[in-house]
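Undergrad: One structure follows; several queries about it will come next.
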């Protein structure tokens, strides 16, 4: 059975770093600031999910953002679209990247998935 906790190497550079997490946790003044709607955990979940999607797109395209080998490759990044995902802490905004050819189909957050319940098996 495949271990679920291993992330593809293309995802790791996009994940929130320890300093970002410390700053977010430092903003919390109550338990509601941590787990409530628009709390730290919800924001970090959104940032992490966005980072995973960015990493997936890098893996799909075969190069990281701003790398010279991506020029004239036939397919490139083409902006992002915002998407709301329902979590136990409320709705979280996630930026889903697009590619110019329209061939990128994220595996972490598939089309029409709107609930984090559907994501639990993939992330945890």
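Residue numbers (this note's numbering): 781 to 904. Backbone N, C-alpha and C fix where the C-beta goes; we use that ideal spot for every residue, glycine too. Bear in mind that the values here come from a model prediction, so they are computed numbers and not experimental data.
Would DSSP call residue 806 helix, strand or coil?
TA: Within the chain shown, residue 806 is the residue found at index 26, counting from 1. Correct three-state label for residue 806: helix.
Undergrad: Given residue 874, which residues of its chain have a CB within under 8 Å of its CB, disregarding the five upstream and five downstream residues?
TA: Numbered from 1 along the chain shown, position 94 holds the residue referred to as residue 874. Correct list, in chain order: 826, 829, 830, 833, 862, 863, 864, 865 and 889.
Undergrad: Helix, strand or coil for residue 892? Go by DSSP, reduced to three states.
TA: Your numbering for residue 892 matches position 112 in the chain shown. In the structure shown, residue 892 sits in coil (DSSP, three-state: anything other than H, G, I, E or B).
Undergrad: On a CA-only basis, which of 856, 868 and 799 is nearest residue 881? Give me that one, please.
TA: Along the chain shown, one-based indexing puts residue 881 at 101. The residue among 856, 868 and 799 with its C-alpha nearest the C-alpha of residue 881 is 856.
Undergrad: Shorter than 7 Å, the distance from the beta carbon of residue 820 to the closest heavy atom of the ligand SAM, or not?
TA: No copy of the ligand SAM appears in this structure; indeed no ligand is present at all.
Undergrad: Rounded to the nearest angstrom, what separates residue 860 and residue 878 at their Cα positions?
TA: Here the question's residue 860 lines up with position 80 in the chain shown. Here the question's residue 878 lines up with position 98 in the chain shown. Cα-Cα distance, rounded: 6 Å.
Undergrad: Pick out the complete beta strand (DSSP E) segments inside the segment 830-869, 3 residues or longer, and give them in chain order.
TA: 857-867
Undergrad: Could you spell out the range, first to last residue, of the alpha helix (DSSP H) harbouring residue 815?
TA: On the chain shown, residue 815 is found 35 positions in, with the first residue counted as 1. That run of the alpha helix (DSSP H) goes 811-815.
Undergrad: Determine the direct distance from the alpha carbon of residue 853 to that of residue 840, and round the result to whole angstroms.
TA: Position 60 of the chain shown, counted from the start, is the residue given in the question as residue 840. Position 73 of the chain shown, counted from the start, is the residue given in the question as residue 853. So the alpha carbons of these two residues sit roughly 12 Å apart.
Undergrad: State the Cα-Cα distance for the pair residue 838 and residue 844, rounded to the nearest angstrom.
TA: What you label residue 838 is simply residue 58 of the chain shown in a count that begins at 1. What you label residue 844 is simply residue 64 of the chain shown in a count that begins at 1. The straight-line gap from Cα to Cα measures roughly 5 Å.
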